[in-house]
Amino acid sequence: MGVLIRTGDLPVGRRLDAWRAVVCETLGPLDLRIQRGAPLRGEIEMGRLGAVGVGRVQTSTPHSVHRTAGLIHRDDREDYRVVLAVSGSPRVAQDGRVARLTRGEFAVYDFTRPYELAYDSAVRLAVFSFPRHLLSLPPDAVASLAALPIGSDSGAGALAVPLLRRVAADHGTYGPESAARLSAVVTDLVGAAIAERLELTRSLPGDSRRRTLMLAVRAFIEGRLGDPGLDPAQVAAAHHISVRYLHRLFEAESTTVAAWIRQRRLERCRAELARGGDEPVSVIAARWGLPDSAHFSRLFRRAYGMPPAEYRRAGAVR
0 MGVLIRTGDL PVGRRLDAWR AVVCETLGPL DLRIQRGAPL RGEIEMGRLG AVGVGRVQTS
60 TPHSVHRTAG LIHRDDREDY RVVLAVSGSP RVAQDGRVAR LTRGEFAVYD FTRPYELAYD
120 SAVRLAVFSF PRHLLSLPPD AVASLAALPI GSDSGAGALA VPLLRRVAAD HGTYGPESAA
180 RLSAVVTDLV GAAIAERLEL TRSLPGDSRR RTLMLAVRAF IEGRLGDPGL DPAQVAAAHH
240 ISVRYLHRLF EAESTTVAAW IRQRRLERCR AELARGGDEP VSVIAARWGL PDSAHFSRLF
300 RRAYGMPPAE YRRAGAVR
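Take the sequence shown: its letter number 60 is residue 59 in numbering that gives the first Met the number 0, and every next letter is one higher.
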């Protein structure tokens, strides 16, 4: 991700024109509106994640950007944009709806129709753009939810928000193949969150539904690794699917539900042991759902080639 502008690097007298050029020409066409004489402070970064444009915006200067009918007439790109409030409370308006986003909420808006994005206090935003055809939902369905907040309290939104935040923060660390896969995950989860909000989940393509469901299943497992009673029946029931269908999802990835749970538990234990310390190995194992010390030791040796206590000692030596 490259920095397009950092106002602290520019003389005060050049900041407004430079910011306007980045916003209105590079990110637009858009119309920037700011109080005359306002001390402009901020930074804009942009990059790409496969087919998805990824940006970070932070500013402490109240102002707004507008996509007007005249600007749309001059620019025919057919994109959706997603804005995530990392901090602060940006305001999004489109089609007569106005949303004041709070931290951890995002909104979708259509670049082919007029909109406004405004900040009246300091904000940090993650902004994503992608061609409309990548969102596997009818345009009128998306339009009915444009500029309305989607939070992380449940469902696909609970998966989408952390992913959007992480992708924006770590954008430069992904290789081309990972970036391409992640771009599909981003659009799948945004689409799933919209579909849930509109109760249109069945209208998503089968592949998109399966990928989104798998993400939800893995997030559910990750949050319950410490429960020694976690099993396929519990996972399937939480997602309103049959155990048989759950097994089919994991078979498609050449593993099993039980193997995935076991692998993630061992990885959590391994990470704690690698940090050293003197906490009993049995306590660490039990914390991650493996209360039988002998069984844990056998599993760990099989996975990492040495007993857990020896692994921790080796880490301390390194």
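Built from N, CA and C at the ideal position, the CB exists for glycine as well.
Please read all numbers here as calculations on a predicted model, not as lab measurements.
Assign Gln-93 to one of two classes, buried (16 or more other C-beta atoms within 10 Å of its C-beta) or exposed (fewer than that).
-> buried
Same chain, Cβ closer than 7 Å to Pro-28, neighbours up to 5 away in sequence not counted | Leu-70, Arg-73 and Asp-74
Whether Val-122 touches Gly-54 by CB criterion (8 Å) = no
Own chain, CB closer than 6 Å to His-62, minus 5 neighbours either side, in chain order | Ile-33
Cβ of Val-256 within 7 Å of any heavy atom in the ligand GTP?
-> Absence of the ligand GTP from the depicted structure is noted, as is the absence of any ligand whatsoever, leaving it without description.
Let me know the secondary structure DSSP gives Ser-292 once reduced to three states.
-> helix
Could you pull out every unbroken alpha helix (DSSP H) segment of at least 4 residues lying fully inside the stretch 212-268, listed in chain order?
-> 231-237 and 242-250
Between the Cα of Gly-225 and the Cα atoms of Val-189, His-238 and Arg-263, which residue gives the shortest distance?
-> Arg-263
Looking at the structure shown, is Glu-44 part of a helix, part of a strand, or coil, going by DSSP?
-> strand
Excluding the 5 residues preceding and the 5 following Arg-47 in the sequence, name in chain order all residues of the same chain whose CB lies nearer than 8 Å to its CB.
-> Val-53 and Ala-178
Delimiting residues of the alpha helix (DSSP H) encompassing Gly-171 | Premise fails: Gly-171 is in no alpha helix (DSSP H) and is neither H nor E.
Beta-carbon proximity list for Tyr-108, same chain, < 7 Å, skipping 5 on both sides | Arg-80, Val-91, Gln-93, Tyr-114, Ala-145 and Ala-146
By a C-beta neighbour count over all protein chains shown, 10 Å radius and 16 as the cutoff for buried, is Arg-243 buried or exposed?
-> exposed
Tell me where the alpha helix (DSSP H) around Asp-16 begins and ends.
-> 11-20
Please name the residue in Glu-44, Gly-87, Gly-7 and Arg-66 whose C-alpha comes closest to that of Ala-168.
-> Glu-44
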